[in-house]
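Before any comments, here is the structure.
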Amino acid sequence: MILPKSPRLTPAQLAEVTAIVEPFGCSVQPIVGAIRTIYAIVGDERDELMINRIEGLDYIERFDRIQSPHKLMDARSDLASHRITFGGVTLGESLLVIAGQCTIDPKNPNFLYETAHAVKEAGANALRGGVWKPRTNPYSFQGDSKSLDILMEAHRRTGLPVDAEVMDETQLHLALDAGVHMLQIGARNALNYSLLRAIGRAVADRKTVVLLKRSLHMGPISEFISAAEYIVSFGNPNVLLCPRGTAPTLDGYRNHPDESITPLLKEKTWAPVVVDPSHSVGKAAYVPACALAAVAYGADGLCIEAHVQPSQGIGDDPKQALTPEVLATTITQARQLWALRRPSKVT
Ligand code: PEP
Ligand code: MN
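This note's numbering applies: residue 1 is where the sequence shown begins, and numbers increase by one.
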């Protein structure tokens, strides 16, 4: 839909706009109003180049998109009936909880094995474990491919499916070859379109689930949904959207908690929302409240950092990880809240 700056386009301007849209298979239909005339684009109006050419005209005030730019991720797309099952949970039918260490310590694999058993006991459905880590400081521990074996061993010992972040194509293929069940795209890479494409291509013919974190720097909701569209466009619709806090931070928290975007996401897309409260607030003491807030907002799942001995952990674990006891209480309360939120069944 085109809105001109003046009450209506001149015949020459209308001819120019028509000449722009026709090569894209569209036509222009004026909608004449008493004060102002607006112009509908008839046809598929989503082509970015066509939109840019119209927005570039100095007599155009705005181009309003009527069609969603997210052909596949849109709540009204054919994929809306797609259901994702992970760790024995069908998203939307009960609350998915992924829990585990921020970072696997390759020198102390027993921590992950014990954490894996503990998070399972606490009620988690899947285990998270950072193999390779995106660290702000280049001298901080960057992760170690050896941790991949530890993660898969923890899977064998507990039966829990595992989630790990990949930051480049080498890690992506190592993780897939090892049998990692969920690939995490971190906040720093959610806008890395070549990585999104590589992951989409690599999982196209697999059941692998992709947990897409929201970038610290994403603005409009559509930017987040578009990042997911990149992956789904290759053919695998198993994508979970993960708000995890954004920048600038809310004073006192690690990031600006963004679980409140959950209802917006659920209105615009069919994809399940799995909130990460750990990176959002960044301190173990605040995580349970943030997790419950996420469920209250309608989240389908939670991704929580937990460790059997947080103080002995590496990466974020000493400050962010929940102990198994606190995790168990948080999961119990989150599931109770989730059950309250369910629309009651008509009997
Ligand atoms: C993590 O999950 O440990 C992590 C680094 O997350 P994020 O990409 O959200 O910072
Ligand atoms: Mn972390």
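Glycine residues also receive a C-beta, built at the ideal position from the N, C-alpha and C atoms. Values in this document were obtained by computation on a predicted structure and should not be read as measured data.
Inter-residue spacing [alpha-carbon to alpha-carbon] between residue i and residue j
i    : j    : result
P324 : E114 : 10 Å
I20  : Y297 : 43 Å
R53  : A15  : 14 Å
A234 : A198 : One detail in the question is off: residue 234 reads as Phe in this sequence, not Ala. C-alpha separation (whole angstroms): 10 Å.
S311 : Q101 : 12 Å
L292 : G219 : 24 Å
Y193 : I35  : 44 Å
F111 : W338 : 30 Å
V162 : Y139 : 27 Å
R65  : M1   : 6 Å
L302 : Y230 : 23 Å
G129 : V295 : 23 Å
P4   : L264 : 30 Å
E223 : L72  : 14 Å
N137 : E22  : 52 Å
R254 : Y59  : 45 Å
A334 : D44  : 43 Å
E55  : R62  : 7 Å
K107 : K120 : 23 Å
A306 : I185 : 19 Å
T347 : S94  : A caution first: T347 carries a pLDDT of 49, below 50, which makes its placement in the model unreliable, though a value can still be read off. In a straight line, the C-alpha of T347 is about 20 Å away from that of S94.
D74  : L9   : 32 Å
A284 : C242 : 19 Å
A124 : A118 : 9 Å
G33  : A40  : 13 Å
I150 : V166 : 16 Å
P134 : H70  : 29 Å
R76  : W270 : 8 Å
T37  : P30  : 7 Å
S27  : A80  : 30 Å
S6   : S278 : 51 Å
R201 : P11  : 47 Å
H82  : R46  : 24 Å
E322 : I304 : For clarity, residue 322 is Leu in the given sequence; the question names Glu instead. Taking the straight line joining both Cα atoms gives about 8 Å.
A328 : A289 : 14 Å
D251 : D258 : 14 Å
C155 : L340 : In the sequence as presented, Cys is not what sits at residue 155; that position holds His. Going from the Cα of H155 to the Cα of L340 covers about 32 Å.
A99  : T18  : 55 Å
H256 : T262 : 14 Å
V308 : R188 : 27 Å
F24  : M50  : 7 Å
Reduced DSSP secondary structure (H/G/I, E/B, other) of residue i
i    : result
W338 : helix
A99  : strand
Y39  : strand
A306 : strand
E61  : strand
S94  : strand
L292 : helix
H279 : helix
Q67  : coil
T347 : Caution is warranted here: a pLDDT of 49 is assigned to T347, below 50, making its placement in the model unreliable, and the coordinate value is therefore given only provisionally. Three-state DSSP puts T347 in coil, outside helix and strand.
I31  : strand
T352 : Only positions 1 to 347 of the chain appear in this structure, which leaves residue 352 out of reach.
K207 : coil
T330 : helix
L72  : coil
K213 : strand
L3   : strand
T262 : helix
T323 : coil
L9   : coil
F234 : coil
H117 : helix
Chain C contact for residue i (CB, 8 Å cutoff)
i    : result
L250 : Among the chains in the structure shown there is no chain C, since it carries only a single protein chain.
Nearest-angstrom beta carbon gap, residue j and residue i [assumed within contact, 8 Å]
i    : j    : result
A299 : V274 : 7 Å
N236 : R206 : 7 Å
A164 : V209 : At roughly 12 Å, the Cβ-Cβ gap does not stay under 8 Å, so A164 and V209 are not in contact.
T103 : F141 : 7 Å
L191 : S145 : Between S145 and L191 the Cβ distance is about 25 Å, and since that is not below 8 Å, they are no contact.
Q320 : V287 : 7 Å
T90  : L127 : 19 Å between Cβ atoms; not a contact.
L176 : G87  : In fact, because the Cβ distance is near 18 Å, the residues do not count as touching under 8 Å.
L240 : L211 : 5 Å
L216 : A178 : No, L216 and A178 are not in contact; Cβ-Cβ is about 28 Å, not under 8 Å.
- Query: Hey, which residues come within less than 7 Å of the ligand MN, measuring from Cβ to any heavy atom, in chain order?
  - Reply: Having a Cβ closer than 7 Å to some heavy atom of the ligand MN are C102, T103, G130, S278, H279, E305, G315, D316 and Q320.
- Completely contained alpha helix (DSSP H) runs for the region 122 to 201, where each covers 4 or more residues: Listed in chain order, the complete alpha helix (DSSP H) runs (minimum 4 residues) inside the region 122 to 201 are 146 to 158 and 169 to 178.
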